[in-house]
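The next block holds one structure in the form of structure tokens; read it before the comments.
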Amino acid sequence: MTNIDLIIKLAGIGILVTVAYSVLERLDRKEWGQLVALAGVAIGFVLVLREVQQLFEAVRTMFNL
């Protein structure tokens with residue numbers, strides 16, 4: 582995955598979470614909105630963690646650790 586793909590995926594998740602949160606808030610379902618926001622943060626965190634893992638693997642390979 583290229584860097585721009587990661588940025589676009591994170592932005593897409595952010596937009597979807599924002600829209601879902603706004604809709605749920607207007608429907609007076611704030612607890613569901615918070616759950617959606619938390620799920621969006623978790624998904625974004627997992628995406629970033631994969632990239633960090635690949636970075637560490639590349640550094641490990643580069644320095645023969």
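Letter by letter, the sequence shown follows residues 582 to 646 of this note's numbering.
Where a beta carbon is used, it is the ideal one built from N, C-alpha and C, also for glycine.
query, result
"Spatial distance of residue 631 from residue 644 (CA atoms)", "20 Å"
"Any non-hydrogen atom of the ligand ATP closer than 7 Å to residue 584 Cβ", "The ligand ATP is not part of this structure, which contains no ligands at all."
"As assigned by DSSP and simplified to three states, the class of residue 584", "helix"
"Whole-angstrom distance between residue 639 and residue 602, CA atom to CA atom", "37 Å"
"Between the CA atoms of residue 598 and residue 604 - distance to the nearest angstrom", "10 Å"
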